[in-house]
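In my numbering, the protein residues as written are 66 to 277. To start, the structure itself, in structure tokens.
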């Protein structure tokens with residue numbers, strides 16, 4: 066990766082110390098909505114998504130620590146539950162039809178690499194999810210699991226469990242909104258689309274406490 070292909074941007078986070086930010090590793094995973102390669106960050110324990118916040122006609126830059134960042138958009142790095150990424154992959158892997166609830170599969174089968182014809186920088190690597198601490202154990206929230214051999218488990222997406230899990234997520238978000246109603250902002254928040262993901266991202270993280 067050459068220096069000229071590295072894109073620098075400003076991103077807001079809730080990290081409390083510099084070590085947390087330096088441990089982030091950029092990975093590509095399929096977007097759960099579109100299936101397209103999308104940038105995420107992982108520190109081995111948690112998964113983070115990168116959101117871009119823009120406004121109509123917004124043309125700005127950031128000036129931080131005597132450095133001018135040409136991209137004046139506001140980016141946010143926030144936690145995302147890896148199961149949101151996993152559910153579409155689990156659904157596809159079980160091969161459900163009208164006659165069968167689908168197949169039980171190993172995690173290696175479910176999260177095998179995809180988009181092998183793409184270049185290395187934009188290919189998605191779902192097996193990166195397996196590097197997240199306790200990820201396979203979390204599958205129990207949305208899957209039926211069976212141990213077919215010592216140390217070898219297979220999984221199949223369960224629609225009822227998935228709906229219950231999603232309902233709990235929505236209820237938690239709704240409770241937060243009721244406790245502290247958000248203010249209306251004229252901004253659009255979205256994941257980075259394919260055309261904006263050329264090259265490696267050199268992200269300068271700023272927490273609320275750090276400011277500018």
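Positions of the beta carbon are idealized from the N, C-alpha and C atoms, including for glycine.
**Asked** Regarding residue 166 and the ligand ADP, is the C-beta to nearest heavy atom distance less than 7 Å?
**Response** This structure lacks the ligand ADP, and indeed carries no ligand of any kind.
**Request:** Would you identify the three-state DSSP class for residue 193, choosing helix, strand or coil?
**Result:** Helix, per DSSP.
**Prompt:** Would residue 223 be called buried (16 or more neighbouring beta carbons within 10 Å of its own) or exposed?
**Reply:** Looking at its Cβ environment, which holds 16 or more other Cβ atoms inside 10 Å, residue 223 is buried.
**Message:** For a quick check, are the C-beta atoms of residue 152 and residue 97 less than 8 Å apart?
**Reply:** Closer than 8 Å, so yes.
**Asked** Just the Cα atoms here: how many angstroms apart are residue 139 and residue 111?
**Response** Cα atoms of residue 139 and residue 111: separation of roughly 22 Å, rounded to the nearest angstrom.
**Request:** Would you mind sorting residue 193 into buried or exposed? The rule is 16 or more other CB atoms within 10 Å of its CB.
**Result:** With 16 or more Cβ atoms within 10 Å of its Cβ, residue 193 is classed as buried.
**Request:** Tell me whether residue 205 is buried or exposed, calling it buried when 16 or more other Cβ atoms sit within 10 Å of its Cβ.
**Result:** Counting every other CB atom within 10 Å of its CB across the protein chains shown gives residue 205 a total below 16, marking it as exposed.
**Asked** Cβ atoms of residue 128 and residue 76: under 8 Å apart, would you say?
**Response** No, these two residues do not count as a Cβ contact at 8 Å.
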